[in-house]
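Numbering (the working numbering), first residue to last: 1 to 166.
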């Protein structure tokens with residue numbers, strides 16, 4: 001247990017000093033919980049008008065008559081919110097190369113106006129890349145609303161830099 005605390009303190013200290021984390025410093029099974037993002041009506045409508053103009057995303061009155069019964073965010077919008085929260089809280093502190101693959105994306109429940117979203121992320125698996133200077137991390141995400149209900153589940157793989165050869 002003390003190893004986990006010390007390791008966590010070490011990572012926090014590195015982040016405070018603007019030293020990003022390399023693939024070699026991650027651990028399988030490591031979990032992160034972060035973010036509190038309130039989704040507004042204006043944001044839902046603006047995003048949907050640009051990228052997913054279904055009536056129940058752009059028109060509050062027509063949305064009341066839809067099977068969902070209320071204005072709700074596009075699933076792609078929800079995925080974008082997850083990505084932003086993950087960047088702000090995790091990726092900004094990691095040596096990321098790129099997303100490699102999005103394997104699964106399950107939209108479990110609608111995201112409504114004023115829902116507050118949080119993200120839980122788990123490092124499911126770490127593997128060495130074919131390039132010696134890179135490593136892969138399989139990640140599992142669960143996005144929840146303020147009621148604790150899962151609205152989105154995502155699985156995918158990212159590529160990170162490894163410790164530089166000295």
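In this text, a Cβ means the ideal position worked out from N, Cα and C, and glycines have one as well. These figures come from a predicted structure and were not determined experimentally.
- Query: By DSSP, does residue 28 sit in helix, in strand, or in coil?
  - Reply: Of the three classes helix, strand and coil, the one that applies to residue 28 here is coil, per DSSP.
- Task: To the nearest angstrom, report how far apart residue 164 and residue 134 are at their CA atoms.
- Result: Their backbone Cα atoms lie some 10 Å apart in a straight line.
- Task: Leaving aside the five residues before and after residue 61 along the sequence, list all residues of the same chain whose C-beta is less than 7 Å from its C-beta, in chain order.
- Result: Closer than 7 Å at Cβ, skipping near neighbours: no residue.
- Query: Excluding the five sequence neighbours on either side, which residues of its own chain have a C-beta within less than 8 Å of the C-beta of residue 221, listed in chain order?
  - Reply: What is shown of the chain runs 1 to 166, which leaves residue 221 out entirely.
- Sort out for me which residues DSSP pairs residue 126 with in a bridge. Residue 126 has 137 as its beta-bridge partners, per DSSP.
- Message: Using DSSP's beta-bridge definition, name the partner residues of residue 33.
- Response: Looking at the DSSP assignment, residue 33 forms a beta bridge with 120.
- Query: Can at least three beta-carbon pairs, one atom from the segment 122–136 and one from the segment 51–58, be found at a separation below 8 Å?
  - Reply: The way I'd put it, the segment 122–136 doesn't touch the segment 51–58; fewer than three beta-carbon pairs between them come closer than 8 Å.
- Assigned secondary structure, residue 96 (DSSP; H/G/I helix, E/B strand, else coil): Correct three-state label for residue 96: strand.
- Between which two residues does the alpha helix (DSSP H) containing residue 83 stretch? 75–89 is the extent of the alpha helix (DSSP H) around residue 83.
- Item | Residues bridged to residue 112 (per DSSP) | DSSP, once it has assigned bridges, lists 72 as partnering residue 112.
- Message: I'd like the list of long-range same chain contacts for residue 110, defined as Cβ closer than 6 Å, with 5 residues on each side in sequence excluded.
- Response: Around residue 110: 68 and 72.
- Query: Based on Cα-Cα distance, which residue from 70, 25 and 147 lies nearest to residue 45?
  - Reply: Considering only alpha carbons, the answer is 70.
- Query: Is it right to say residue 145 is buried, meaning 16 or more other beta carbons lie within 10 angstroms of its own, or is it exposed?
  - Reply: The residue in question, residue 145, is buried, as its Cβ has 16 or more Cβ neighbours within 10 Å.
- alpha helix (DSSP H) containing residue 44: first to last residue? Annotation: the continuous alpha helix (DSSP H) that includes residue 44 extends over 41–51.
- Report, in whole angstroms, the separation of the C-beta atoms of residue 38 and residue 114, which I expect to be a contact under 8 Å. Their Cβ separation, rounded to whole angstroms, is 6 Å, which keeps residue 38 and residue 114 in contact under 8 Å.
- Query: DSSP beta-bridge partners for residue 38?
  - Reply: According to DSSP, which records beta bridges pairwise, residue 38 is partnered with 116.
- Task: Taking residue 161 as part of the beta strand (DSSP E), name the residues at either end of that continuous run.
- Result: Looking at the DSSP string, the run of the beta strand (DSSP E) that includes residue 161 is 150–161.
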